[in-house]
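Those protein sequence lines, which keep their order, are chains V and S.
Under numbering that gives the first Met the number 0, the first residue of the first sequence is numbered 0, with each subsequent residue one higher.
Under numbering that gives the first Met the number 0, the first residue of the second sequence is numbered 0, with each subsequent residue one higher.
2 protein chains.
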Amino acid sequence: MPATARAAAKPAPRASARLAAVPRSDNRLPLILDAAARFFSEKGFGYTSMRDIAGMAGMLPGSLYYHFASKEELLVAVYAEGVRRIKAVVEPALAKGGDPWTRLESACAAHLEGLLEDSTYGQVVIRVRPDDAPEVAARLVALRDEYEATFGQAIAALPLPPRTDRRALKLMLLGALNWSQTWYRSGKDSPQVLARRFVRLLRDPLDA
Amino acid sequence: MPATARAAAKPAPRASARLAAVPRSDNRLPLILDAAARFFSEKGFGYTSMRDIAGMAGMLPGSLYYHFASKEELLVAVYAEGVRRIKAVVEPALAKGGDPWTRLESACAAHLEGLLEDSTYGQVVIRVRPDDAPEVAARLVALRDEYEATFGQAIAALPLPPRTDRRALKLMLLGALNWSQTWYRSGKDSPQVLARRFVRLLRDPLDA
DNA sequence: CACTATAGCAAACAACTGTTTGTTTTTGGA
DNA sequence: TCCAAAAACAAACAGTTGTTTGCTATAGTG
């Protein structure tokens, strides 16, 4: 799918010898990020062309390369912003009061919010597989891990029976939440409702 | 990504007027399917070219079109075989004796087996999104649903407290299992061990 | 007002994509 | 042995891909 994939040095904002580069006020970089996030989240990384993105941002394909050295670098930027945004909703949820189970439920609801519906940046983080951009895969994984650690705190705080496998619990819950991108349809159950159901299934004893 | 995407009629095995078409003994079609399954599972649908597949099958790109009308039709064939194989391991697991919880655990282990490690066909079913092949997306979804119904039986048989949301339970468990493709690393915990852990987390009361 | 860094345009590039077409080889049944 | 069907080859097609290059406009600072 990539025509050529040679590593390219970053040509972007170069600093002059004595003065820091200062961006203009009519900076259209956010527009590019928005367009990329929209396409990456809806069609995936590989199915999105630089022309798609440039078109939606109202500029020519080549112009994107002033801001990003490559398509993959653009992905990194979107990915990073995605992680930032999910953390921005989950961390407050964790900081809120209530018992650990309630806080976990809030965190799950926040996670789903940052991942479904209109949160295109968040969707990218879950949808795009790091291997799709080999050159920067390691950085994407690092970004994802960074967030998952945040989520892990909610589980670490849980009062659980002595021998409970918390790692498995995290993998299970996070997997269930992330996979919701596959079956979730807007207009049906809200993220909050889903989070409540999932957490309840874990908390309440199912064995009759 | 598709250069041209006009709908093409199926040119493949055409039956003569009076005699059923009989395939040759040196039929290399399975080879094609194997190669496609391997690439689709490892690189994804969009990142795999017909040249990749043809190369691994030891033939020229154009020759694939004797067997399949399009790349998407080839995907359908692999997908169908994938569903067949997963069912082939899960259904026996369900038929085995034991209480419903044990049977569910067996089904989960089987599901994971058909989805991780060397089961390239099964991996395709989970990895490839139906929207990646718009022309045949509906058929892919139908195939997936067909299997998920099978899995649903294991959950329907569970003796659960009266008001338990079985649909949510299915979505949660299946999501957790499918997402394992993201973090699973061969050589660590086996599918059986993982299945046991996940089911136990659901079954045992976590609230202390 | 001059000047420099920022931002973007215009046009091309080489590589790669799925697919088609006409022809050739090979097989198995009559 | 003959021959139709099956299978594959060989070579091209038109379009798309990420990216590069040289040039121009514009904004903001001294």
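All residues carry an ideal CB built from backbone N, CA and C; glycine is no exception.
- Per DSSP, threonine 163 of chain S is not a residue of any alpha helix (DSSP H), being assigned neither H nor E.
- Every alpha helix (DSSP H) stretch that sits fully inside the stretch 32 to 77 of chain V and reaches 4 residues is listed by chain position as 49 to 56 and 63 to 66.
- In summary, the residues of the stretch 172 to 198 of chain V whose CB is separated from some CB of chain S by less than 7 Å are Gly174, Ala175, Asn177, Trp178, Ser179, Trp182, Arg196 and Phe197, in the order they occur in the chain.
- Close CB contacts of threonine 47 of chain S within its chain, under the 8 Å cut and outside five residues either way in sequence, are with Ala35, Phe38 and Phe39 (chain order).
- Using a CB distance cut-off of 8 Å, alanine 167 of chain V counts as an interface residue toward chain S.
- For alanine 156 of chain S, the three-state secondary structure derived from DSSP is coil.
- Cβ neighbours of glutamate 116 of chain S within its own chain (closer than 7 Å, five residues either side excluded): Ser185.
- Annotation: Cβ neighbours of glycine 45 of chain V in chain S (cutoff 8 Å, chain order): Met0, Gly43, Gly45 and Tyr46.
- By the Cβ-count criterion, tryptophan 182 of chain S is exposed, with fewer than 16 other Cβ atoms from all chains shown falling within 10 Å of its own Cβ.
- The three-state secondary structure of aspartate 130 of chain V, taken from DSSP, is helix.
- In this structure phenylalanine 197 of chain V touches alanine 167 of chain S by the C-beta definition: roughly 7 Å separates them, less than 8 Å.
- Between the stretch 79 to 89 of chain V and the stretch 122 to 133 of chain V there are three or more inter-stretch CB-CB distances shorter than 8 Å, so the stretches are counted as touching.
- Taking a contact to require three or more Cβ pairs closer than 8 Å, the stretch 98 to 105 of chain S and the stretch 50 to 70 of chain S do not qualify as touching.
- The C-beta of leucine 170 of chain V comes closer than 8 Å to at least one C-beta of chain S.
- Of all residues in the stretch 134 to 166 of chain S, the ones placed with a Cβ closer than 8 Å to any Cβ belonging to chain V are Leu157, Pro158, Leu159, Pro160, Thr163 and Asp164, in chain order.
- Pairing valine 88 of chain S with alanine 109 of chain S gives a Cβ-Cβ distance under 8 Å.
- Residue environment for valine 192 of chain S: exposed (fewer than 16 other C-beta atoms within 10 angstroms of its C-beta).
- Residues of the same chain with a CB within less than 6 Å of the CB of alanine 156 of chain S, apart from the 5 flanking positions on each side, are Pro99 in chain order.
- Counted as a single uninterrupted DSSP element, the alpha helix (DSSP H) harbouring valine 198 of chain V occupies residues 190 to 202.
- Under the 10 Å beta carbon count, asparagine 26 of chain S is surrounded by fewer than 16 other beta carbons and is classified as exposed.
- Rounded to the nearest whole angstrom, the CA to CA distance from leucine 114 of chain V to asparagine 177 of chain V is 8 Å.
- Rounded to whole angstroms, phenylalanine 44 of chain V and aspartate 131 of chain V show a C-alpha spacing of 7 Å.
- Of the candidates S:Pro190, S:Leu172 and S:Lys95, S:Leu172 places its Cα closest to the Cα of leucine 200 of chain S.
- If you draw a straight line from the Cα of methionine 49 of chain S to the Cα of leucine 93 of chain S, it is about 38 Å long.
- Selection S:Met55, S:Phe67 and S:Lys42 evaluated against arginine 128 of chain V yields S:Lys42 as nearest (Cα-Cα).
- Put simply, the backbone Cα of lysine 169 of chain V is about 22 Å away from that of alanine 79 of chain V.
- Per DSSP, reduced to three states, the secondary structure at glutamate 116 of chain S is coil, with no helix or strand assignment.
- Closest in C-alpha terms to glutamate 71 of chain V, from the list V:Asp188, V:Leu32 and V:Leu159, comes V:Leu32.
- A straight line joining the alpha-carbon of valine 77 of chain S with that of tyrosine 120 of chain S spans about 6 Å.
- Exposure of proline 158 of chain V is indicated by the presence of fewer than 16 other C-beta atoms within 10 angstroms of its C-beta.
- The C-alpha of glycine 151 of chain V lies about 47 Å from the C-alpha of phenylalanine 67 of chain S.
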